[in-house]
Ligand code: MN
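Residue numbers (this note's numbering): 165 to 482.
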């Protein structure tokens, strides 16, 4: 059993439950109740499972959609503060086992910057997690440059977590099973990351680091094609590097929710062994299953240690 750090691990701030109802309402009542208990727990099952499976630290984040779905900007700013204060109070009770990603109200980029600064300086948070677009606004927009500027200055990452598309694409019509975790969230989130890449965010902020979950939402496997087709269909866009070169330097990935050896090996091949990090996606995925997967994956020990903990430790300055 290897010592692990896990960084896509969620909790629920009291009062935020109704916002996530769209994710859970299709489950039966017993499953909903169990999930609610796991999201609210910081002391019992979570820590017991961590210790049993060798997770020495979880970086915790408010579960989706969190403040990203709030239409009132003032309320979103207040909610981010409430969620972050609550998380800090839980970390303070278990400082050796929990760290935090800040919730940020991207409805106001300047408020997001201020809250990031507050949570890093006051609470020692190690970056931020935002749940995709904010009411249909994507973060390649120059309005968000102030956020990237501050993250780059702090040298801390942003974890871009999935959310549903703002408007469901026609291709999903009649197929609700494809809109969410099976496929649609990955398409949405991978596309969002590509908007940032092709929108020049990483040229403007060359040391900015963005983390994608779910084995990079599939993007690592298309790196070669991004270069090949961008050379032909650039639409007048110029980038300082080839599209593929932003992977592993600006874009990092976690293994959350994909426990496949073949996929892991390919992802490390595309991203480099310094840019892939273990995660579970608790409580939506099983700690035992994810930990067994990474403990037994056909990796050299030095590479396993990077994926399990060292890469996260370096990126989040743990
Ligand atoms: Mn998640």
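We put the CB at the ideal spot given by N, CA and C, even for glycine.
Item checked: Spatial neighbours of residue 204 in its chain, beta-carbon cut-off 6 Å, leaving aside the 5 residues before and after -> For the purposes of this step, residue 204 is taken as residue 40 along the chain shown, with counting starting at 1. 176, listed in sequence order.
Margin query: Looking at the ligand MN, does it come within less than 6 Å of residue 381, judged from the CB to the closest heavy atom?
Written below: Here residue 381 is taken as the residue at index 217 of the chain shown, counted from 1. Not so, every heavy atom of the ligand MN lies at least 6 Å from the Cβ.
Note to self: Using a Cβ-Cβ distance cut-off of 7 Å, determine whether residue 439 contacts chain D.
What the structure shows: In summary, chain D is missing from the structure at hand, where a single protein chain is found.
Notebook entry, point to check: Between the segment 394–403 and the segment 438–456, do at least 3 Cβ pairs fall closer than 8 Å?
Noted result: Taking 8 Å as the limit for Cβ pairs, the verdict is that the segment 438–456 does not touch the segment 394–403.
Next item on the list: Would you list the residues sitting across from residue 264 in a DSSP beta bridge?
Entry: If you number the chain shown from 1, residue 264 lands on position 100. For residue 264, which the question treats as bridged, DSSP gives the partners 224.
Notebook entry, point to check: Can you find a heavy atom of the ligand MN that lies under 6 Å from the Cβ of residue 172?
Noted result: The residue you call residue 172 lines up with position 8 of the chain shown. Residue 172 Cβ: within cutoff of the ligand MN.
Item checked: Nearest-angstrom Cα separation, counted from residue 226 out to residue 281 -> Residue 281 sits at position 117 when you count from the first residue of the chain shown. Residue 226 sits at position 62 when you count from the first residue of the chain shown. Near 18 Å, if we compare the C-alpha coordinates of residue 226 and residue 281.
Check: Are there 16 or more other CB atoms within 10 angstroms of the CB of residue 271, so buried, or fewer, so exposed?
Finding: Within the chain shown, numbered from 1, the residue matching residue 271 stands at position 107. So residue 271 ends up on the buried side.
Notebook entry, point to check: CA-CA distance, residue 284 and residue 338?
Noted result: Along the chain shown, read from residue 1 onward, the residue named residue 284 stands at position 120. Along the chain shown, read from residue 1 onward, the residue named residue 338 stands at position 174. Roughly 44 Å separates the two Cα atoms.
Next item on the list: Please find out if some non-hydrogen atom of the ligand MN comes closer than 6 Å to the beta-carbon of residue 445.
Entry: Your numbering for residue 445 matches position 281 in the chain shown. Yes.
Notebook entry, point to check: Which full runs of the beta strand (DSSP E) of 3+ residues lie inside the segment 230–302, going along the chain?
Noted result: Fully enclosed beta strand (DSSP E) runs of 3 or longer: 262–264 and 292–294.
Next item on the list: Kindly indicate which three-state DSSP category residue 183 falls into: helix, strand or coil?
Entry: On the chain shown, residue 183 is found 19 positions in, with the first residue counted as 1. Three-state result, residue 183: helix.
Note to self: Using the three-state DSSP reduction, which class does residue 324 fall into: helix, strand or coil?
What the structure shows: For the purposes of this step, residue 324 is taken as the residue at position 160 of the chain shown. The DSSP-derived three-state label of residue 324 is strand.
Checklist line | As assigned by DSSP and simplified to three states, the class of residue 411 | finding: On the chain shown, residue 411 is found 247 positions in, with the first residue counted as 1. Assigned with DSSP and collapsed to three states, residue 411 falls in strand.
Next item on the list: Can you check DSSP and say which residues form a bridge with residue 440?
Entry: Your numbering for residue 440 matches position 276 in the chain shown. Partner(s): 417.
Notebook entry, point to check: In whole angstroms, what is the alpha-carbon distance linking residue 277 and residue 242?
Noted result: Position 113 of the chain shown holds residue 277. Position 78 of the chain shown holds residue 242. Their Cα atoms are separated by approximately 14 Å.
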